[in-house]
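Numbering (UniProt numbering), first residue to last: 1 to 353.
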């Protein structure tokens with residue numbers, strides 16, 4: 001497990017790094033092609049938010065509901081004295097510290113920014129190969145109209161945040177195909193990063209300091225491995241794979257898949273992982289541990305921390321965790337049904353474990 005100490009400057013970019021711990025809140029906005037921000041709606045997925053207001057990054061997870069946290073606040077009378085006001089602030093701080101799920105983001109855009117901050121810490125600590133995974137249905141199934149466009153916009157938020165956090169001026173974004181790279185380069189004329197595709201003759205230049213592969217898939221695996229190998233040459237440069245899809249569910253778990261996990265993916269560190277589940281969530285944000293949350297039955301859309309792991313919990317680990325939660329709760333068979341559904345969901349996503 002990597003140390004949680006934060007360096008004062010970026011290892012690769014030789015620029016000051018302002019650390020953003022898991023309790024901080026960022027209000028910086030990044031220009032998108034349509035000048036919109038994103039919010040998450042539980043029924044429709046990612047949606048555009050035209051009000052331009054800054055989102056809370058490290059707020060409550062709230063199952064990625066689109067409701068604003070302020071909408072759920074009860075009105076309270078103003079304090080009658082300074083001492084009373086100070087006591088109110090102190091009580092609020094104490095309550096915030098006690099929340100198990102305070103490390104979780106409040107929406108999808110917040111998760112993207114938080115994942116970029118975790119990647120920046122990893123890179124500036126000397127890390128070389130990182131994986132960011134947002135295992136959210138809206139980012140896994142891109143058949144719906146406009147889904148890919150929204151995915152590209154989210155990837156830009158990730159890259160722009162990475163540039164701001166590290167101070168690097170030579171970041172290269174590698175997209176799955178030349179068509180997507182050309183379209184986004186034309187659309188994002190103000191982008192502060194370079195564009196290329198996996199199939200380009202020379203996707204990475206010597207001047208590039210950090211490389212981000214956006215949604216690399218299994219059909220382009222040999223290009224991914226070739227680029228990864230070239231980045232290990234002198235001078236070595238960090239590579240971040242953002243939401244990789246290097247194993248197809250249709251292929252199954254054969255010897256090639258096992259070799260891919262053992263000899264290639266095992267050289268990467270998962271610096272950020274967000275996986276909502278029917279009865280909880282699995283979460284990791286570098287340099288923190290892997291956390292397993294379960295539903296708080298007394299508070300809708302909130303979580304309680306079940307346990308933490310040094311490494312990624314597998315399906316068996318989660319079956320034990322949720323089984324223990326079920327034994328210690330008064331919830332009936334419906335919760336146990338959720339447990340089995342959770343295990344099936346985990347097995348579905350073990351391809352990138």
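C-beta: ideal position from N, C-alpha, C; glycine also.
Alpha carbon to alpha carbon, how far is residue i from residue j?
{"i": "residue 163", "j": "residue 185", "result": "17 Å"}
{"i": "residue 189", "j": "residue 234", "result": "31 Å"}
{"i": "residue 101", "j": "residue 321", "result": "17 Å"}
{"i": "residue 203", "j": "residue 236", "result": "16 Å"}
{"i": "residue 274", "j": "residue 135", "result": "6 Å"}
{"i": "residue 166", "j": "residue 327", "result": "46 Å"}
{"i": "residue 159", "j": "residue 206", "result": "19 Å"}
{"i": "residue 312", "j": "residue 297", "result": "25 Å"}
{"i": "residue 278", "j": "residue 295", "result": "9 Å"}
{"i": "residue 196", "j": "residue 299", "result": "46 Å"}
{"i": "residue 172", "j": "residue 210", "result": "6 Å"}
{"i": "residue 323", "j": "residue 305", "result": "14 Å"}
{"i": "residue 139", "j": "residue 267", "result": "24 Å"}
{"i": "residue 116", "j": "residue 161", "result": "6 Å"}
{"i": "residue 169", "j": "residue 242", "result": "19 Å"}
{"i": "residue 307", "j": "residue 201", "result": "47 Å"}
{"i": "residue 302", "j": "residue 230", "result": "44 Å"}
{"i": "residue 208", "j": "residue 325", "result": "48 Å"}
{"i": "residue 76", "j": "residue 261", "result": "Because residue 76 sits at a pLDDT of 44, beneath the cut-off of 50, its placement in the model cannot be relied upon, and the point is left open."}
{"i": "residue 157", "j": "residue 103", "result": "20 Å"}
{"i": "residue 124", "j": "residue 194", "result": "20 Å"}
{"i": "residue 107", "j": "residue 149", "result": "18 Å"}
{"i": "residue 228", "j": "residue 99", "result": "40 Å"}
{"i": "residue 180", "j": "residue 232", "result": "26 Å"}
{"i": "residue 257", "j": "residue 221", "result": "11 Å"}
{"i": "residue 13", "j": "residue 105", "result": "28 Å"}
{"i": "residue 281", "j": "residue 315", "result": "13 Å"}
{"i": "residue 47", "j": "residue 191", "result": "Here residue 47 scores only 36 on pLDDT, less than 50, and its place in the model should not be relied on; the value that follows carries that caveat. Rounded to the nearest angstrom, the two C-alpha atoms are 22 Å apart."}
{"i": "residue 153", "j": "residue 114", "result": "16 Å"}
{"i": "residue 317", "j": "residue 223", "result": "34 Å"}
{"i": "residue 289", "j": "residue 151", "result": "27 Å"}
{"i": "residue 276", "j": "residue 187", "result": "32 Å"}
{"i": "residue 259", "j": "residue 291", "result": "27 Å"}
{"i": "residue 335", "j": "residue 212", "result": "Confidence at residue 335 is low in this model, with a pLDDT of 48, below 50, so the placement of that residue is unreliable and no value is reported for it."}
Is the beta carbon of residue i sitting closer than 8 Å to the one on residue j?
{"i": "residue 309", "j": "residue 293", "result": "no"}
{"i": "residue 110", "j": "residue 269", "result": "no"}
{"i": "residue 199", "j": "residue 178", "result": "yes"}
{"i": "residue 130", "j": "residue 240", "result": "yes"}
{"i": "residue 10", "j": "residue 118", "result": "no"}
{"i": "residue 216", "j": "residue 176", "result": "yes"}
{"i": "residue 121", "j": "residue 238", "result": "no"}
{"i": "residue 264", "j": "residue 225", "result": "yes"}
Return yes when at least one heavy atom of the ligand GDP lies under 7 Å from the C-beta of residue i, else no.
{"i": "residue 318", "result": "Only the bare structure without any ligand can be found here, which leaves the ligand GDP out of the picture."}
Helix, strand or coil: which one does DSSP assign to residue i?
{"i": "residue 128", "result": "coil"}
{"i": "residue 231", "result": "coil"}
{"i": "residue 99", "result": "coil"}
{"i": "residue 134", "result": "strand"}
{"i": "residue 163", "result": "helix"}
{"i": "residue 139", "result": "helix"}
{"i": "residue 240", "result": "strand"}
{"i": "residue 66", "result": "A caution first: residue 66 carries a pLDDT of 36, below 50, which makes its placement in the model too unreliable to give a value."}
{"i": "residue 114", "result": "helix"}
Please check the pair residue i and residue j, which I expect to be a contact at CB under 8 Å, by giving their CB distance rounded to whole angstroms.
{"i": "residue 271", "j": "residue 112", "result": "Their Cβ separation, rounded to whole angstroms, is 13 Å, which puts residue 271 and residue 112 out of contact at 8 Å."}
{"i": "residue 214", "j": "residue 174", "result": "7 Å"}
{"i": "residue 218", "j": "residue 246", "result": "5 Å"}
Using a Cβ cut-off of 8 Å (strictly closer), state whether residue i contacts chain D.
{"i": "residue 155", "result": "The chain inventory of the structure shown lacks chain D, comprising one protein chain alone."}
To test your reading of the DSSP string, which unbroken beta strand (DSSP E) runs of 3 or more residues are found completely within the region 249-328? 269-277, 280-285, 290-295 and 303-309
Whole alpha helix (DSSP H) runs in the region 171-237 with 4 or more residues, listed along the chain? 178-187 and 221-230
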